[in-house]
Structures are given as C-alpha cells and as structure tokens.
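Everything below concerns the one structure shown next.
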Amino acid sequence: MHAFIGRKEELSILKGLWDKKSASLVIIKGRRRIGKSRLVEEFGKNYKFYAFTGLPPTPHTTADSQRDIFAKQLKSDLGVTVEENHWWALLQALAKKTEKGKIVILFDEISWLGSKDPDFLGILKAVWDTHFKKNSHLIFILCGSVSSWIERNILSSTGFLGRISLTLTLEELSLPECGLFWNNQQESVSPYEKFKVLAVTGGVPRYLEEIRPHLSAEDNIRNLCFNKEGILFDEFEKIFSDLFSTRSETYRHIVNYLAEVKGDRNQIAQALGIEVGGVISSYLDDLEKAGFIARDFSWNIKDSKISKLSHFRLSDNYLRFYLKYISPNKPKINSNLFKDRSITTLPGWSSIMGYQFENLVLHNRQPLYQLLKIQLEDIIAEGPYFQRTTRKQPGCQIDYMIQTKFDSLYICEIKFSKYELKKEIIREVKEKILRLKRPRYFSYRPILVHVNGVSEHVEESDYFGKIIDFSELLKS
5 MHAFIGRKEE LSILKGLWDK KSASLVIIKG RRRIGKSRLV EEFGKNYKFY
55 AFTGLPPTPH TTADSQRDIF AKQLKSDLGV TVEENHWWAL LQALAKKTEK
105 GKIVILFDEI SWLGSKDPDF LGILKAVWDT HFKKNSHLIF ILCGSVSSWI
155 ERNILSSTGF LGRISLTLTL EELSLPECGL FWNNQQESVS PYEKFKVLAV
205 TGGVPRYLEE IRPHLSAEDN IRNLCFNKEG ILFDEFEKIF SDLFSTRSET
255 YRHIVNYLAE VKGDRNQIAQ ALGIEVGGVI SSYLDDLEKA GFIARDFSWN
305 IKDSKISKLS HFRLSDNYLR FYLKYISPNK PKINSNLFKD RSITTLPGWS
355 SIMGYQFENL VLHNRQPLYQ LLKIQLEDII AEGPYFQRTT RKQPGCQIDY
405 MIQTKFDSLY ICEIKFSKYE LKKEIIREVK EKILRLKRPR YFSYRPILVH
455 VNGVSEHVEE SDYFGKIIDF SELLKS
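Residues 5 to 480 in this note's numbering are what the sequence shown lists, from first letter to last.
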C-alpha cells in the first residue's frame, strides 16, 4: 500500500473527537476514489478498528445478501456468529463487542448497505441510541460516495437530527500534496510533466497512487488510460453504474454536454431534450454532490450580492479526459492500436488542457490568495465570473475573479499553452476587462496564471499585477 499522503487537517479534526466526553457519529462523504476509507484506516490504525463494507449494487444484490456479507465480516473480524439474519441482531452483536475502550467503527459505502432494506437506517439509529453511544470512547464513521443519498437519508433525516457530531466532505488533494506522489523524483520532474498527468487524474489519491515516477507523463497516461488493463480505462463505467444505477444514462448525457462547454440549467435541459424543472435540477444536484460538476454563481460587483445567474461546469478532470479521449477510442485501445499514440497530438488537446488547467487552479484557490497576499477576511466575493449580454452591456467571462472589501478586483486569466505566452495574451485580457461592467471607483489588477512561461515582452510590459507560474502552485 502506498504511503499515506495529505489530509492533515482532516486527521487533526478526527483526532480532536477523542477530547469529547461522549461517543461520536461521523459522516464522511465525497467522490469515489477520493480516499474516504483510506483516511479512516489511517486514523484508526492506532486503535481498535473495525471496517464493514456493503456489496456494490447489481441486479442480483438483495437485502439478504447485504446482511449475509455483514454477518460474515462480523464472524471473521470479531469472532461473532449471529444466527438471526436481521439488522437488529447484527448491529446489537457489533455493539456488544464494542462497549468499552477507544474504538473506531467504519461502515463504508453506507448507501450500499442501506439501499435495499428500508428498515436499515431506522434500526441503526435505534441501536446507536440504545447501545453504541453508551461507549463514550467510540467513534462510529459512516462513509459514502453517493452524497445525495446521504443528504436525503441521514443528514436531512429527522431520525438522525442532533446525533451527527461531524460531517466531512473530502475534496481533491492540494497540488503540493499531489507532487508528493512523484516520490524522490518530484524535483527532477518538470511542472509541465506533472501538469500533463494531473490533467488526467486531478487530485484524486487513488489515481495518483498509480503514477510510476520514473516514467514520462506520456507513458503514465498510456498505462492508465490507453491500455485495456489500465485502471482508468473502465473507471467511468464503474463510477456511473455504482453511483447512479438505472438512471446512469441521463447523468452520462449531462457530463457529456459539460465536457464541451459550461452551461446553465436551461441550456443543459435543452441540449438533453427534457423539460426545465425539478427533474433536471435533481440530476444536477446529484452530480454536484458527487463531486463531478461545480456550480459557479456570478455576483453584482457594486453590492457583492450573489446573482441568480449560474453556470455548471465539469470540475472532474478524469471524466472529461475519459469522455474526450478514452471512450471514443475504446475499439482501438481494445485492439492495442492506440498504445503508441502521441498524447499531445490528440484532437483538440490544447483546448481540453485549458479546461483541465482551469480546474486544477480552481481546486487550489488558497495558494492563489497567499501568492497575491490577500487575506481571507478581506475577500467578499470570488469565483469564475460572467455577465450576460444585454442591450446595455456585452457578455463577459472571467476565468477567476476575487473582489475585496477595498473595492479591488483581481482579474485572473488562467491560460494553458504548450509554448510560452506571447503579447497576444495582453490584448485578450484587455478586451475582457473592457467588456466587464464595474463601478468607476473600483481598482482592478490583471493576474496571469500560466504553465509554460511567458515571453520577455509580456514580462517587460508590466501589464499584469502578478504573473504566477504553475510551479509556484505546486510548491505553495
């Protein structure tokens, strides 16, 4: 197993629960492969630790088969045999074995355990109240990748009201943490080389664990994606069948659309040929909670009030890479006809890498604040910014903008290029700022974030308030 990397803040928060004088019921949610169970294993390794996982949903999975596998885990891990195939008996048996001492219990993929039996969560809540919580040194953790299921059935349930001590949502690892997966080669591997891999994996720990530091980015990507045995070759199908089951096709159509462009709810519904209403909102909410898409709200610069105007974007780098480059080429990959393909000559490579670069930067906003010397308490609005075209104003999109309480706007251009950026980038940013409607008393500072350098002309123009190299984000 790969050495544990990152999650220092989350581990500290979990360890802080031992200071309480009562048992803790904890929810940890986040995208598949984001490292939820790995985090709990790292946390629980110095204590008595018992982990239970449900069966993945298949047409043959039943409530009985979920209870059967749980009973087998009870017997193998705790030496407990339960004759009665019922959740009450199974959970009571576990509670009796965990009555004293510092103990960590993990129920991994809680939605799998509970989806087939409508009584499961009610019984879990009852046994928590009557048995588990009596051990004041117990930390009981429920993990799940179907965050929308957890929201509906646990966090928003009156049955669990007042019982949850902590809810953690795991995000992608930071860029400096991602760099640690190159081990002793992290200094010798260039930032651009790392970027090419991260453009595929994002900050997802399970994918990063598969990096072979001595191989080039191209060879790593070929092994992971363009080899039928690679873990990312079929990962998309596993994610969508496991998480979204019978409705997976609609979710697939949504992410297919967002792999090409950003869009609002109406545009997405129109592209899918479905009515605008609660159904499309539910699908988008599920994908957002699962960590695959992000919803960015614009705001009114004058009073910093959040606008109703919002766009959805595909925030998961792996999903876009799969949809653009793995899925269309599966027949060739299966026939071993794609393994020698040059990665950078794939169609639309530069524009897709632009989206991927933007995602990486937006997942790492804190280092930007540090590099720009902006205090968190001074920020009153931030995010990708866009204004709609009207008769009085042109449309405008800013990759990322920060508004501070000092009437200042930091207008960030996040620009990918295989080559150093030339003077044209100044003209592009000037045009965006010209279209941006803003109060006259506001100051603005153009910021450039790049990956492969800028020309002397760009540096000497002194146009940008700050030019940030991707390498600085990797080290922050």
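Don't be surprised by glycine CBs; every beta carbon is placed ideally from N, CA and C.
Where the alpha helix (DSSP H) containing residue i begins and where it ends
i	result
Leu-184	It is not in any alpha helix (DSSP H) - Leu-184 carries neither H nor E in the DSSP assignment.
His-257	252 to 262
Val-280	Looking at the DSSP string, Val-280 is not in any alpha helix (DSSP H), and its letter there is neither H nor E.
Ala-385	It is not in any alpha helix (DSSP H) - Ala-385 instead sits in the beta strand (DSSP E) that spans 383 to 391.
Leu-477	474 to 479
Ser-160	That residue, Ser-160, is in no alpha helix (DSSP H); it is neither H nor E in DSSP.
Gly-118	114 to 118
Thr-134	124 to 134
Ser-355	353 to 366
Val-462	460 to 465
Ser-151	151 to 154
Boundaries of the beta strand (DSSP E) in which residue i is found, first to last residue
i	result
Ser-447	447 to 454
Phe-144	142 to 148
Lys-12	First-last for Lys-12: 12 to 20, but that is the alpha helix (DSSP H), not the beta strand (DSSP E).
Leu-174	Segment: none, Leu-174 is in no beta strand (DSSP E) and carries neither H nor E.
Lys-40	Counting along the chain, Lys-40 falls outside any beta strand (DSSP E), though it belongs to the alpha helix (DSSP H) covering 40 to 48.
Ile-31	28 to 33
Residue i vs residue j beta-carbon contact at 8 Å
i	j	result
Gly-206	Ser-178	no
Ile-154	Val-108	no
Asn-368	Leu-477	yes
Leu-29	Ile-114	no
Leu-318	Ile-297	yes
Leu-291	Tyr-255	yes
Gln-77	Gly-58	no
Ile-225	Lys-200	yes
Val-462	Ile-437	no
Candidates the options: closest to residue i by CA position
i	options	result
Ser-140	Gly-234, Trp-22 and Phe-124	Trp-22
Asp-382	Tyr-389, Pro-388, Tyr-373 and His-454	Tyr-373
Tyr-404	Ile-347, Gln-397, Pro-398 and Tyr-414	Tyr-414
Gly-10	Arg-395, Met-357 and Arg-210	Arg-210
Ile-337	Phe-237, Pro-61 and Gly-20	Phe-237
Phe-474	Ser-302, Ser-194, Asp-246 and Ile-402	Ser-194
Ile-472	Ala-67, Val-365 and Glu-386	Val-365
Ala-130	Trp-116, Leu-94 and Lys-120	Leu-94
Arg-392	Tyr-445, Ser-339 and Lys-312	Lys-312
Lys-40	Ser-149, Ser-16, Leu-128 and Lys-441	Ser-149
Leu-18	Glu-45, Arg-36 and His-6	Glu-45
Leu-375	Arg-442, Ser-480 and Asp-344	Ser-480
Asp-307	Tyr-423, Thr-162, Lys-441 and Val-86	Lys-441
Lys-52	Lys-419, Leu-15 and Glu-103	Glu-103
Tyr-445	Lys-377, Lys-409 and Asp-466	Lys-409
Through-space distance from residue j to residue i, alpha-carbon basis
i	j	result
Ser-220	Gln-360	19 Å
Asp-300	Val-204	22 Å
Lys-470	Cys-182	24 Å
Glu-176	Asn-188	22 Å
Lys-79	Glu-222	46 Å
Ile-73	Asp-411	59 Å
Arg-449	Lys-427	17 Å
Ser-421	His-454	8 Å
Glu-264	Phe-316	12 Å
Gln-96	Ala-55	16 Å
Ser-152	His-64	23 Å
Gly-34	Lys-101	29 Å
His-257	Ile-406	32 Å
Ser-245	Ser-459	47 Å
Asp-268	Lys-309	19 Å
Glu-417	Ile-402	7 Å
Pro-351	Tyr-322	17 Å
Lys-328	Leu-380	37 Å
Glu-13	Phe-47	12 Å
Phe-505	Ser-447	The structure shown does not extend to residue 505, since the chain is modelled only from 5 through 480, so no value can be given for it.
Arg-324	Met-357	10 Å
Ile-305	Lys-434	18 Å
Ser-302	Ser-314	6 Å
Phe-111	Thr-66	18 Å
Ile-38	Thr-171	16 Å
Leu-174	Arg-395	43 Å
Ala-385	Lys-293	22 Å
Gln-271	Leu-98	50 Å
Glu-197	Glu-279	44 Å
Asn-456	Asn-333	29 Å
Glu-87	Trp-132	21 Å
Gly-20	Thr-349	50 Å
Run through the stretch 50 to 102 for me and flag every whole alpha helix (DSSP H) of 4 or more residues, listed as ranges in chain order.
67 to 82 and 91 to 101
Counting only runs that start and end within the stretch 184 to 255, where is the alpha helix (DSSP H) found for 4 or more residues in a row?
195 to 205, 209 to 212, 221 to 229 and 239 to 248
In chain order, which continuous runs of the alpha helix (DSSP H) of length 4 or greater are located wholly inside the stretch 292 to 341?
321 to 325 and 334 to 338
Where are the beta strand (DSSP E) runs, 3 residues long or more, that stay fully inside the stretch 371 to 443, in chain order?
383 to 391, 400 to 408 and 412 to 419
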